[in-house]
Amino acid sequence: MIRSYCRGLSLVFALWLVTNGITVAAAAPTADWSEPLQLLGREIAPGTRSKFPFSPDRSFEASYFNIPVFVARGQTPGPTLCLAAGVHGDELNGVEVARRAFARVNPKELRGTLIVLPIINAEGFRSGNRYLPDRRDLNRAFPGSTGGSVARLIAHAIFTNVVSRCDALVDLHTASNQRTNLPQVRADLSDPAIRELAIHFGTGIVVGGSGPDGSLRGETAKAGIPAIIYEAGEPFRFQEDEIERGLHGVENVMAYLEMTEQVDREIPDNRVYQHSRWIRTTTGKGGFFFPTAEPGDIVRKGVSLGKIVDPLTDVSFEVISPIAGEIVGMAVPQPVLSGYALFHVAWHDPD
Ligand SMILES: [Zn+2]
46 MIRSYCRGLS LVFALWLVTN GITVAAAAPT ADWSEPLQLL GREIAPGTRS KFPFSPDRSF
106 EASYFNIPVF VARGQTPGPT LCLAAGVHGD ELNGVEVARR AFARVNPKEL RGTLIVLPII
166 NAEGFRSGNR YLPDRRDLNR AFPGSTGGSV ARLIAHAIFT NVVSRCDALV DLHTASNQRT
226 NLPQVRADLS DPAIRELAIH FGTGIVVGGS GPDGSLRGET AKAGIPAIIY EAGEPFRFQE
286 DEIERGLHGV ENVMAYLEMT EQVDREIPDN RVYQHSRWIR TTTGKGGFFF PTAEPGDIVR
346 KGVSLGKIVD PLTDVSFEVI SPIAGEIVGM AVPQPVLSGY ALFHVAWHDP D
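For the sequence shown, the working numbering assigns the number 46 to the initial residue and increments by one for each residue that follows.
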């Protein structure tokens, strides 16, 4: 039912895209734009904006669906861009990117529709927790199902009611606990529409990869909707530079999709990396981690990135890079054990 709806719309929108020179292939604006948008039992008239809870149900179980939804319905037809944040409840930068992006949209001047889900894991957000209260990772539960864990129920509700109506999706994240990420976009570079979306976000760094099974970004792309992730900074705090970069990226994407005018838009030269891997603590050489390299450093193979000191023997081990590339993420100084991920290094194919 949903699939045939999307296919029908895709055909119309493909024609719209051809005439507008845009390469993102996705679903279409509805035929009669003068009618209010119907979403989650609400009506949003053209040229207006609205904030409401995902579900009005106030039962104990439904508290997990107390997810805010922000919708701006443009005055004129255009694509639907979805912004997702807070899939991991402790990742605050993306939540604020989503809030600012929506606050700055003027629906009277907007083409198409902006749907923002700023705090998908609302329970985790309130308790400062990456995961749901039952310790499941919501970002491994997509596209979800009508039975099973709360994670799968939330994922299914989000996917069928909102994501299936998006023409493109940007998912906003930070590094996980005790790590930090250089602002970057992650995208499946083998898909031309996704690659274009990533380049036009304009962060300056694009790291290839299709995302894990069950992730919102990965499963959205599998459903034929171009999807990218913006990853920036650390969890548990608001970081102004990372937030502003993300906001700029979202506005770049909206301009690229011709949802807004942005005449002075500048897309920086992106460093596009097809590959990345983690350098981990060598087995048996755990201890106190003191990095000397930092995010954004371009490193050569064989150089030292820092040291790990065994506090019982006072012996220290150098962390040697086995590859050349750019450090796009890393662990902060902390005690580490064997196998712990220390540096995320990305590199591109030889020219
Ligand atoms: Zn995350």
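All C-beta atoms in this analysis are idealised placements derived from N, C-alpha and C, irrespective of residue type, glycine included.
Best match in the options for proximity to residue i [C-alpha to C-alpha]
i: Q379; options: I160, F334, G192; result: F334
i: L31; options: D355, D179, N166, I372; result: This structure cannot speak to residue 31, because the chain is shown only from 46 to 396.
i: G370; options: D359, S172, G384, E339; result: E339
i: R322; options: A146, A129, V390; result: V390
i: P124; options: G341, R156, D394, T225; result: R156
i: V364; options: C211, H393, G331, H245; result: G331
i: T358; options: I89, G329, T205, V295; result: G329
i: Q223; options: D396, A268, A386; result: A386
i: A243; options: Q284, P313, F281; result: P313
i: A90; options: A117, D102, P101; result: A117
i: K153; options: E279, G119, S235, G192; result: G119
i: P280; options: D135, R87, S104; result: D135
i: H320; options: W392, T337, F99; result: W392
i: K346; options: L126, I324, A220, P336; result: I324
i: G283; options: G139, P122, F110, R103; result: Note that residue 283 corresponds to Phe in the displayed sequence, not to Gly. Nearest option by C-alpha distance: G139.
i: G398; options: L227, P271, I343, E241; result: Nothing about residue 398 can be read from this structure; the chain reaches only from 46 to 396.
i: G263; options: E241, I288, E285, D236; result: D236
i: I353; options: T326, I160, G374, I372; result: T326
i: C127; options: R180, G351, N206; result: N206
i: P122; options: S108, D77, F99, T93; result: D77
i: V208; options: L261, H293, S100, P395; result: L261
i: K267; options: R180, G254, G92; result: G254
i: N174; options: A186, L159, S221; result: S221
Residue i: CB within 7 Å of a non-hydrogen atom of ligand 1
i: H218; result: yes
i: H320; result: no
i: G136; result: According to the sequence shown, residue 136 is Glu rather than Gly. Yes - ligand 1 has a heavy atom lying nearer than 7 Å to the Cβ of E136.
i: V132; result: yes
i: N184; result: yes
Backbone secondary structure at residue i - three-state DSSP
i: L292; result: helix
i: H389; result: strand
i: L470; result: The chain is shown only over 46 to 396; residue 470 falls outside these bounds and no answer can be derived.
i: R282; result: coil
i: K352; result: strand
i: P378; result: coil
i: G123; result: strand
i: L128; result: strand
i: Y109; result: helix
i: R316; result: strand
i: R149; result: coil
i: T326; result: coil
i: L159; result: strand
i: P395; result: coil
i: P237; result: helix
i: L357; result: coil
i: E154; result: coil
i: V310; result: Rather than Val, the amino acid found at residue 310 in this sequence is Arg. Note: R310 maps to coil in three-state DSSP.
i: V208; result: helix
i: L177; result: coil
i: L261; result: helix
i: S172; result: helix
i: R166; result: One point to set straight first is that residue 166 is Asn, not Arg, in the sequence displayed. Coil.
i: K96; result: strand
Whole-Å CB distance - residue i paired with residue j, under 8 Å assumed
i: V215; j: Y275; result: 6 Å
i: L183; j: I199; result: 6 Å
i: L162; j: A129; result: 5 Å
i: V348; j: S361; result: Between S361 and V348 the Cβ distance is about 16 Å, and since that is not below 8 Å, they are no contact.
i: K96; j: P113; result: 6 Å
i: G341; j: I368; result: That pair is no contact at about 16 Å.
i: I270; j: A213; result: 7 Å
i: G131; j: T225; result: With a Cβ gap of about 18 Å, G131 and T225 do not count as contacting.
i: R181; j: G259; result: 10 Å between Cβ atoms; not a contact.
Beta carbon proximity, residue i to chain C, threshold 8 Å
i: Q223; result: Among the protein chains of the structure shown there is no chain C, as only one such chain exists.
Touch test, the stretch 230-245 against the stretch 140-153, Cβ-Cβ under 8 Å, three pairs minimum
no
Stretch-stretch touch, CB-based, cutoff 8 Å, three pairs: the stretch 167-174 with the stretch 246-257
no
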